[in-house]
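S.K.: The listed protein sequences derive, respectively, from chains A and B. Counting along the first sequence from 1, when you hit position 422 you're at 422 in this note's numbering, and nothing is skipped either side. To convert, count from 1 in the second sequence and add 475; that's this note's numbering. Take this structure first; my questions come after.
Protein chains: 2
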Amino acid sequence: MTAAQFRAHGRAVVDWVADYWERVESLPVRSSVVPGEVRAQLPAEPPETGEPFEALLADMDRIVVPGSTHWQHPGFLAYYPSGASGPSALAELLISGLGVQGMLWQTAPACTELEQLVLDWLAGLIGLPERFTFAGGGGGVVQDGASTAMLIALLAALQRASGGQVARAGVERGRYVVYTSAEANCGFEKATRITGLGTSAIRFVDTRADLSMDPMALRTAMAHDAAAGRIPVLVMATVGTTSTGAIDPVPLIGPVCREFGAWLHVDAAYAGVAAMCPELRWVNDGVADFADSYATNPHKWLLTALEFDACYLADRSALTDVLSVLPEYLRNSATESGAVVDYRDWQLPVGRRFRALKLWAVIRWYGASGLREHIRYSVSAAQQFAAWVEADDRFDVLAPHPLSVICFRLRAADDVNRALLDAVNGTGRVLLSHTMIRGQFALRVAIGGCATRLEHVATAWELLSEWADIVAGPN
Amino acid sequence: MTAAQFRAHGRAVVDWVADYWERVESLPVRSSVVPGEVRAQLPAEPPETGEPFEALLADMDRIVVPGSTHWQHPGFLAYYPSGASGPSALAELLISGLGVQGMLWQTAPACTELEQLVLDWLAGLIGLPERFTFAGGGGGVVQDGASTAMLIALLAALQRASGGQVARAGVERGRYVVYTSAEANCGFEKATRITGLGTSAIRFVDTRADLSMDPMALRTAMAHDAAAGRIPVLVMATVGTTSTGAIDPVPLIGPVCREFGAWLHVDAAYAGVAAMCPELRWVNDGVADFADSYATNPHKWLLTALEFDACYLADRSALTDVLSVLPEYLRNSATESGAVVDYRDWQLPVGRRFRALKLWAVIRWYGASGLREHIRYSVSAAQQFAAWVEADDRFDVLAPHPLSVICFRLRAADDVNRALLDAVNGTGRVLLSHTMIRGQFALRVAIGGCATRLEHVATAWELLSEWADIVAGPN
């Protein structure tokens, strides 16, 4: 593709994206394709000769858009938002255009140093302690998601707990145990399987009435394991669980971890960024005093396109001890000087894109104040939604909702609630998801997408209210 | 950012990228910044209020470009190329603009089905067997890089070797062993550490004169371990080693794996895509008969922007057994129908971008014939370079070079060769890297970047030839 062709097609792609964002509200949020339908519309064999770029854009309209559930639709209130803002999308193009590979400081100095800087910026914005910054001896790294951050934390914790042995000798079956709440993200279970501990090494600690981890139950479990000769390696506390947004009591969990010498990882994938607002800074309470590692995902609530998890460690050497392998072909004077960070030692793959550009673009475009405004708007809209639900005696709100996730249900059987979810989603105007709370089916709304305004949240409530009587049937 | 602002800034970004590609040849390939220099030019604190997008582009020019080693420079001949072609860069913008998250088929059907299709296309293009395609019961998945593919293969292999036990019970220390050659990529060592086996579980098999794995030595090592009661879990063969491009004899390694019941993973990160050309199809010899998994990186030689590894498995259930965790909040009817693939079960993180769009754009723009032409051009330029080196009796070529990697040295001490590398790289016109071959320092050229033409390879040779006499000194 010549530069002139790139300019022409590039303009067309920019317009395609802008047009998509302008019209996405007119599309049904959820795709109605059936399994196999997208593939069936595409040629089974690749083209032998090149096609015009217009053909690809035409297929985006004809096949990909109808085959997609629209995460950028303002009525998308399911799971967590995926923050594809303008500046972060444009940064993706800069990343690919520059096309550097930052495995070593030496192979792309700006890629490494900008990542260090931007993650220090974010640490300051959300009130993380100095020891998670590079100046404080720790530091941040961009991972693809919070599950990977859990895996990274677990690897470092195992290395520390084993006195530096596991990287060489491997794990000992049955020796190490890890703790999280039953409400924690499924990525934690993946991480224990990947690291060779196996699911059997997890203790799912009971939760309290507010669905946060019970620190007393944690202490009991750890004491039991320690008495049996097992080593409590890591506790993962969650700040904003995936299911209900529950916030584990880190200030109470921290001392228990310390008592048993366990690594404390705080998974604040969704809620951590809320700490940018002084009035919500409390979500990170306890982190400064107790956490060994911490992760939050700007790609959820902070207007940053996938895949962007900010993962922090206080003791970076525990991690690099496990992940550093230096073959001759990567040796270089900068690494040997000890004056640089080589991010390939902080992650699973060797190579890496210039990931920091995305968050750099987002923070510079919106400014700290603009980002706080986005967080506050989401929280405010969520509180309004909760107020509507609470004021309607057909419904119950099922969990605390200090931020932007609301879980609720109709006072009716699970099947009726499922039918309500299907009916509302079936309108195509909004998309909600669901979860289970204490064995009961719950509907779930998460607010925080780039385009979602109060009017879309209001639409969700109107549809719920309208359909509630229909699905409940005549009484 | 409004749609109108996005259109305006988007045009500016497209032009910035096109301008960068047009002028990159005029820049020194390697950045001359010193550690800390990039960061020192940037504000220590994030902006409180938003800045114009122009300010970011100005800093790209003022700080990021001088702080970058230019992987897209046509004289970049180090490591492996990073293929940031026009269509793949534009696809990145489409990915972020669409902004879908494809953890489940249900959350973005086109994201999943297009990935299945495009990876089946690639499998056909490089001659992989039917069992690596979805129609054949296996399938491909996009990972971030070849190291992650190694990890994925090892997880599946451990699950199979343990009769499905490790995901639950964890690994047993000292029970499992894995094999690769001493020339294999360092990602393999990372993978053994991450999975809890530890470095001590690796047997680095001796290589033959051509630096490929010695199948006889492999067999001896496996027999020894098996006799000692250890389980040979996996052998990783490399098609195109990172150091010299050596190709392990998969047709000979395969039967040994089968004899001992070990999983055979073929890491063809660099060279696998060469098989698109019938005359180079032999690089994948043995894969069809013996491999359990296979990975190749379009982001190296196939004009696809980072991060894009195509990872194939014949038995996908071994992998999904380890990585599938289905919390209530992700339950959905499509998954329960069994009719769809949920890619979150094929990877470490839960969430994922619409990765397939990049390779789709590349294959459609260039067509299979255009991609073959790119491969052939690189091979031909490399052979020309090798011919120049071989014809000069000051130099020795140190390893076979059937593809586009050439390792060579001056007939002089290591220090003189290091000085030659520094001198040539110091011109800023080309960038070569180095490796060690049989204990000797070797210079290394890898050809295959989007913009590299024979003239740039010729420049590299002219500079080497010119500086060779200078660094060798008067004789």
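The beta-carbon is built from N, C-alpha and C at its ideal position, and this holds for glycine as well.
Which one of B:Ala621, B:Arg705, B:Ile538, B:Ala943 has the shortest CA to CA distance from B:Ala891?
M.R.: Residue 891 of chain B is actually Val in this sequence, not Ala. Out of B:Ala621, B:Arg705, B:Ile538, B:Ala943, the CA that lies nearest to the CA of B:Val891 is found in B:Ala943.
S.K.: I believe A:Gln347 touches A:Leu454 by the beta-carbon criterion, under 8 Å. Please report the beta-carbon distance rounded to the nearest angstrom.
M.R.: The Cβ separation is near 39 Å, so there is no contact.
S.K.: Please report the residue range of the beta strand (DSSP E) in which B:Leu832 lies.
M.R.: Careful: B:Leu832 lies outside any beta strand (DSSP E), inside the alpha helix (DSSP H) at 831 to 865.
S.K.: Please report the distance separating the alpha-carbon of A:Glu51 from that of A:Glu45.
M.R.: Their backbone Cα atoms lie some 14 Å apart in a straight line.
S.K.: Output yes or no for whether 8 Å exceeds the beta carbon distance between B:Glu588 and A:Val38.
M.R.: yes
S.K.: Would you mind stating whether B:Leu739 and B:Ala763 have Cβ atoms separated by less than 8 Å?
M.R.: Contact flag unset, no.
S.K.: So with CB distances below 8 Å, who are the chain A contacts of B:Glu664?
M.R.: Val325
S.K.: Indicate whether at least one CB of chain A lies closer than 8 Å to the CB of B:Asp871.
M.R.: no
S.K.: At least one CB of chain A closer than 8 Å to the CB of B:Met688: is that the case?
M.R.: no
S.K.: What residue range is occupied by the uninterrupted alpha helix (DSSP H) comprising A:Ser88?
M.R.: 86 to 98
S.K.: Hey, is the region 796 to 814 of chain B in contact with the region 568 to 584 of chain B, meaning 3+ C-beta pairs nearer than 8 Å?
M.R.: yes
S.K.: Counting only Cβ-Cβ distances shorter than 7 Å, please list the residues of the region 744 to 771 of chain B near chain A, keeping chain order.
M.R.: none
S.K.: Using a beta-carbon distance below 8 Å, is B:Ile850 in contact with chain A?
M.R.: no
S.K.: Would you identify the three-state DSSP class for A:Ser293, choosing helix, strand or coil?
M.R.: Three-state result, A:Ser293: strand.
S.K.: Rounded to a whole number of angstroms, what is the C-alpha to C-alpha distance between B:Glu754 and B:Gly761?
M.R.: 16 Å
S.K.: CA-CA distance, B:Glu664 and A:Arg344?
M.R.: 13 Å
S.K.: Is DSSP giving A:Gln143 helix, strand or coil here?
M.R.: strand
S.K.: Can you tell me which of the three DSSP states A:Ile152 falls into?
M.R.: A:Ile152 falls in the helix class under three-state DSSP.
S.K.: Suppose contacts are defined by Cβ-Cβ distances below 8 Å. Is A:Tyr176 in contact with A:Leu158 by that definition?
M.R.: yes
S.K.: Taking the alpha helix (DSSP H) that B:Ala789 falls in, what are its first and last residues?
M.R.: B:Ala789 -> no alpha helix (DSSP H), and no H or E assigned at all.
S.K.: Drop a sphere of 10 angstroms on the beta-carbon of B:Ser421, count the other beta-carbons inside from all chains shown, and report buried for 16 or more, exposed for fewer.
M.R.: With chain B covering only 476 through 950, there is no way to say anything about residue 421 of chain B.
S.K.: From what residue to what residue does the beta strand (DSSP E) around B:Pro802 run?
M.R.: It is not in any beta strand (DSSP E) - B:Pro802 carries neither H nor E in the DSSP assignment.
S.K.: In whole angstroms, what is the alpha-carbon distance linking B:Val725 and B:Asp689?
M.R.: One alpha carbon belongs to B:Val725, the other to B:Asp689, and they sit about 10 Å apart.
S.K.: Taking only the alpha-carbon atoms, compute the straight-line gap between B:Gly485 and A:Ala161 and give it to the nearest angstrom.
M.R.: Answer to the nearest angstrom: the Cα atoms are 49 Å apart.
S.K.: For A:Met436, go through chain B and note every residue whose CB falls closer than 7 Å to its CB, in chain order.
M.R.: What A:Met436 touches in chain B: Glu803.
S.K.: Say whether chain B places a C-beta atom closer than 8 Å to the C-beta of A:Ser26.
M.R.: no
S.K.: Give the single residue among A:Ala314, A:Ala201, A:Ala3, A:Ile437 whose Cα lies nearest to the Cα of B:Ser560.
M.R.: A:Ala3
S.K.: Roughly how many angstroms lie between the CA atoms of A:Asp144 and A:Phe308, to the nearest whole one?
M.R.: 5 Å
S.K.: With a threshold of 8 Å between beta carbons, is B:Pro562 in contact with chain A?
M.R.: yes
S.K.: Roughly how many angstroms lie between the CA atoms of A:Arg355 and A:Ala217, to the nearest whole one?
M.R.: 39 Å
S.K.: Mind checking A:Ala135: buried by the 16 CB within 10 Å criterion, or exposed?
M.R.: exposed
S.K.: Return yes when the Cβ of B:Ala856 is within less than 8 Å of the Cβ of B:Pro549, no when it is not.
M.R.: no
S.K.: Residues in the same chain with beta-carbon distance under 7 Å from B:His545, minus the five sequence neighbours each way, listed in chain order, please.
M.R.: Val499, Leu502, Val504, Phe551
S.K.: Considering just the uninterrupted stretch of the beta strand (DSSP E) at A:Ala442, what are its terminal residues?
M.R.: 440 to 446
S.K.: At a CB distance below 8 Å, what residues from the region 358 to 369 of chain A approach chain B? Give them in sequence order.
M.R.: Trp360, Ala361, Ile363, Arg364, Trp365, Tyr366, Gly367, Ala368, Ser369
S.K.: With 8 Å as the threshold, decide whether the Cβ of B:Asp681 is near any Cβ in chain A.
M.R.: Not one chain A Cβ lies under 8 Å of B:Asp681.
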